[in-house]
Amino acid sequence: MVKYIEVRDFLKITHHYDFETLVSRDLELLQVIKIENPKHFISQYNSELKKNIRNILQEVASENTVFYIHNKFSKFSFKKENFTGNFLGFMDDFWIEQNQLDNIFLNEIYISVLYRTDDIFSSKVERFIQSFFTKILFKRYLNQLKIASKKINNITEKIINCLTKFNAKKLTSVPTENGYKSELLIFYYELVNFTKIDFYVTEQDISNINNLSRFYFGKNVINSRIEKKEFFATVISIKNLLGINEEMLEKISQLNIQLTIASTIFFSSESKNFNLKKQLEYLKITSSKKLEKFMGLSNFETNDKFFEEQQILVLYEQNLQKLLSNASLVQDLLSSLGITYVIEDINLEKQFWSYLPSNTSFITRKNLLLGNEIANFVHVRSPIIPNLKEKKKYFWGKNIITFKSINKLFYNFSFYDQNNNSNILLLGSKESGKTILVNLLLARSQKFFPNIGYLTLSKDSHVFVGLLGGKFYSCKKLFNPFLIGEGQIARDFLFEWFKILSLNVVNPLNNNEMELIGDFINSILELNTKDRAIHKIFQLLNTNKNYSALAKRLEYLTIKKDYLSVFEGDNSSFQAKDVFQLIDLNFPSPQHDSNADVQEIHQFRAVRAAVLYSYFSIFLLNFAKQEKILVIDQIGQILYLKHYSYLLDKIKASPIVLIVTMNANKNKFFDTKSSEQNSIKTVFDHFLKNFETKIFFFLEIEGFVYKYFQNRINKLRRFLNISAEEHKILLVQNGYEIIVDFKFCNDHLFTGICSSGSKERSIFNLTLQQVENKEDLNEIFLLFCQKLLAEEEN
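Going by this note's numbering, the residue at position 668 of the sequence shown is 694; the numbering climbs one at a time, nothing skipped.
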């Protein structure tokens with residue numbers, strides 16, 4: 027049942043006290059601080075903002091103050107007329123003209139301070155409410171109001187001074203031709219009506235001016251109708267003990283839906299805290315320090331500042347079905363994050379009105395909040411707008427390209443800094459276009475002049491990478507692993523190398539054998555480099571009785587087949603692909619020999635793994651000092667994860683952007699010829715767990731393989747910012763749009779639409795049937811990327 031209600035009783039604000047202050051019917055003063063046009067959205071900036079707000083709120087809090095923190099996420103159309111003043115100086119006119127985007131979301135932060143007058147006001151307010159603005163009452167309380175005004179001004183000035191670097195300013199009244207436009211009333215009524223309305227300072231009771239809007243309330247949906255506009259809203263209350271933290275809020279903001287996240291904060295006296303602290307003692311039923319820390323129980327013992335808090339999310343849309351869909355997304359996300367929530371029944375609860383400043387009497391869901399948890403609802407997130415006028419300075423980081431999913435989510439493939447590299451993983455069948463997409467990323471990154479390193483088994487991109495100035499890594503000469511270097515790096519490498527050759531995967535080394543390896547490595551590094559030939563080292567191993575246990579494990583290297591020969595000698599004719607197949611070429615794989623036993627197969631795999639490990643170690647040590655972008659093509663074939671987790675950790679610690687492709691077809695998914703440790707599943711799982719990969723592409727993957735990846739991502743989605751179902755990606759950068767539609771289980775590769783600043787659009791289609799081989803496809807794409815870059819420069 028839908029009912030219409032009069033809302034005057036729910037709007038407590040009545041008049042302007044002065045240009046910067048509103049007054050309520052309960053004689054409360056209200057001032058609002060806005061953090062506008064935040065220049066960054068990186069976590070360090072966000073954490074600093076939250077810390078500053080927390081510290082200042084604890085300092086100025088008293089029983090007379092109530093704080094409201096509103097995070098407003100709303101759609102914003104990027105049109106030139108939307109920008110005024112110096113903000114236009116940050117942006118390129120051409121970029122603005124070509125990017126009239128209407129699905130960009132802005133985040134605005136408002137901190138409202140409500141100052142309650144002394145008890146003498148509250149006890150008499152009902153008696154005098156009808157005659158509040160009569161001369162008699164005004165004179166009677168003039169001095170007290172002046173005192174309250176000074177106090178709230180002192181509080182807001184302290185907050186602004188603490189947040190100066192974050193562009194904090196107090197909302198006020200701005201003179202115009204039609205009078206003083208009230209920024210406070212515009213903010214206040216936008217919370218009520220979900221749309222901006224111009225309001226001017228007036229002597230009328232503001233709560234009587236609400237004839238502009240009508241409200242209809244259903245079971246859990248609100249309908250607001252104002253100036254021929256219609257909005258729908260719903261309210262979700264948060265019930266967590268410690269509220270929402272920064273990571274949770276980041277996930278909510280990434281949904282890119284219109285909502286206001288509100289936190290109402292009261293000072294809480296010690297008498298109210300005692301009972302809760304006593305209750306928490308009963309929760310300590312375990313001695314687990316980890317559980318105590320997770321629940322925050324230990325903080326209650328040391329924290330001397332407690333607050334009562336209400337946390338709610340108000341979602342709104344102009345379309346009811348869109349609102350319900352958004353509400354479902356938020357519920358799924360909250361559930362996956364372990365957040366307890368309540369969808370408010372609007373007919374029974376006054377929760378919607380409680381998030382308006384001054385409506386403290388409507389709050390029904392109070393939680394106790396620790397002082398060090400204040401400002402959890404503070405979150406800065408800005409749109410990504412490149413500063414093209416100053417090419418070397420970007421407020422939002424060095425953005426290579428922005429991916430926009432079908433759910434309107436933005437993902438930046440960027441350099442940023444060492445802690446915020448945007449890694450990307452591309453999974454797909456053999457001919458699904460993984461190389462094509464990698465080439466696009468490399469081409470678009472050229473504006474930042476990166477050093478590119480490309481490691482692969484094939485030469486499909488050799489010409490392309492060369493034209494971009496990248497280094498295509500190959501091994502033209504094999505090397506002696508004992509000459510890799512000195513110090514701890516060499517020790518770590520040799521220790522892993524000996525573990526591989528000792529068949530540690532099959533028969534784990536014991537502690538004594540581990541110590542023997544360490545001692546033997548020390549002996550090797552004490553030798554002059556000219557005495558470190560492979561056969562000399564193993565001769566030393568076999569003749570020294572102290573190392574007999576280790577020598578026995580490694581005797582297979584020289585008895586049946588001289589496996590050691592692959593590590594020395596002049597093999598300058600070998601190219602990259604040959605190196606990775608070197609063992610197969612010199613010594614046919616025993617796994618195809620019906621007479622070979624299991625031990626022979628393990629020995630062959632160990633030697634091959636040691637060759638790969640040696641090659642990749644040298645590559646990585648040289649690479650990390652030079653390049654900014656690393657491409658590892660077909661990672662499942664190059665890296666045997668059981669042996670190379672150490673090397674991947676080295677990659678993780680390097681200040682680079684990582685692009686990884688992986689074959690994910692049915693034949694490679696369960697590789698019966700190799701151990702489970704080398705399967706594509708192991709590679710995928712390791713990558714998910716160890717790399718903060720932000721973008722995932724799934725290209726033409728068979729049904730059951732795709733389902734496996736999808737299930738794994740759903741289980742580990744706290745590491746991800748994109749879902750497996752999103753196959754349609756919109757790439758947006760500097761006025762050019764490339765719509766890439768990857769068809770699921772289809773031979774159609776992609777369709778692209780490129781706009782180059784004019785209304786005309788050039789459309790191209792690339793399918794597997796249209797090209798004879800990959801070289802042709804890469805050449806077509808190279809020409810296209812060069813055209814893009816040339817137009818961009820012009």
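Just so you know, even glycine gets a beta-carbon here, dropped at the ideal spot from N, CA and C.
Query	Result
Could you tell me the distance, in whole angstroms, from the CA atom of serine 574 to the CA atom of leucine 567?	8 Å
Counting only the same chain and skipping the five closest in sequence on each side, list residues whose C-beta sits under 6 Å from that of asparagine 352.	Ile283 and Leu341
Would you kindly work out how many angstroms separate the C-alpha atoms of proline 476 and asparagine 97, rounded to a whole number?	37 Å
Give the single residue among Val624, Leu396 and Leu576 whose Cα lies nearest to the Cα of asparagine 81.	Leu396
What residue does the alpha helix (DSSP H) around leucine 580 start on, and which one ends it?	574-580
Taking the C-alpha atoms as reference points, what is the distance between leucine 211 and serine 100?	18 Å
Please report the straight-line C-alpha distance between lysine 222 and isoleucine 252, rounded to a whole angstrom.	10 Å
What residue from Gly492, Leu684, Tyr367 and Gly513 has the CA that sits closest to isoleucine 262's CA?	Tyr367
Give the secondary structure of arginine 142 by DSSP, where H, G and I count as helix, E and B as strand, and everything else as coil.	strand
For leucine 171, verify whether its CB is less than 6 Å away from any heavy atom of the ligand PLP.	With respect to the ligand PLP, the structure shown offers nothing to examine, as it has no ligands at all.
Between which two residues does the alpha helix (DSSP H) containing valine 247 stretch?	Where valine 247 is concerned, there is no enclosing alpha helix (DSSP H), given that its DSSP letter is neither H nor E.
Just to confirm the assignment, what range does the beta strand (DSSP E) spanning lysine 207 have?	205-208
Going by DSSP, what residue range makes up the beta strand (DSSP E) through isoleucine 61?	54-61
In this structure, how does DSSP classify isoleucine 39 when only helix, strand and coil are distinguished?	strand
If you scan the stretch 488-575 from start to end, which runs of the alpha helix (DSSP H) of 4 or more residues do you find wholly inside it?	488-493, 513-527, 537-551 and 560-569
Does glutamate 786 come out as helix, strand or coil in the three-state DSSP assignment?	Any reading at glutamate 786 is ruled out, since the residue's pLDDT is 34, under 50, leaving its predicted position unreliable.
Apart from the five residues on each side of it in sequence, which residues of its chain come closer than 8 Å, Cβ to Cβ, to glutamine 344?	Lys255, Glu256, Phe257 and Phe258
With DSSP run on the structure shown, which of helix, strand or coil describes phenylalanine 257?	strand
Am I right that phenylalanine 36 and asparagine 385 are in contact with their C-beta atoms under 8 Å? What's the rounded C-beta distance?	7 Å
In its own chain, which residues sit with a C-beta less than 6 Å from the C-beta of asparagine 271, not counting the 5 before and 5 after it?	Asn402
Figure out for me which residue from Phe490, Ser294 and Ile372 has the closest Cα to the Cα of asparagine 249.	Ile372
Excluding the five sequence neighbours on either side, which residues of its own chain have a C-beta within less than 6 Å of the C-beta of leucine 638, listed in chain order?	none
Which of the three DSSP states, helix, strand or coil, is assigned to alanine 194?	strand
Excluding five sequence neighbours on each side, which residues of the same chain lie with their C-beta closer than 6 Å to the C-beta of alanine 288?	His96, Ile338 and Tyr381
Determine the closest residue to lysine 392 out of Ile627, Ser487, Tyr480 and Thr290, with distance taken between C-alpha atoms.	Thr290
In angstroms with no decimal places, state the Cα-to-Cα distance between serine 549 and valine 532.	27 Å
Restricting to Cα atoms, I'd like to know which of Ile510, Asp224 and Val491 is closest to aspartate 659.	Val491
Beta-carbon separation of leucine 529 and alanine 636 under 7 Å?	no
Can you tell me whether DSSP reads arginine 240 as helix, strand or coil?	strand
Do glutamate 229 and serine 294 count as a contact pair if the criterion is CB distance below 7 Å?	no
Using a Cβ-Cβ cutoff of less than 8 Å, which residues in the same chain neighbour isoleucine 526 once the five nearest sequence positions on both sides are dropped?	Ala632, Ala635, Ala636, Tyr639 and His669
Do isoleucine 59 and isoleucine 185 have their C-beta atoms closer together than 7 Å?	yes
Taking just the CA atoms, how far does lysine 191 sit from leucine 467?	35 Å
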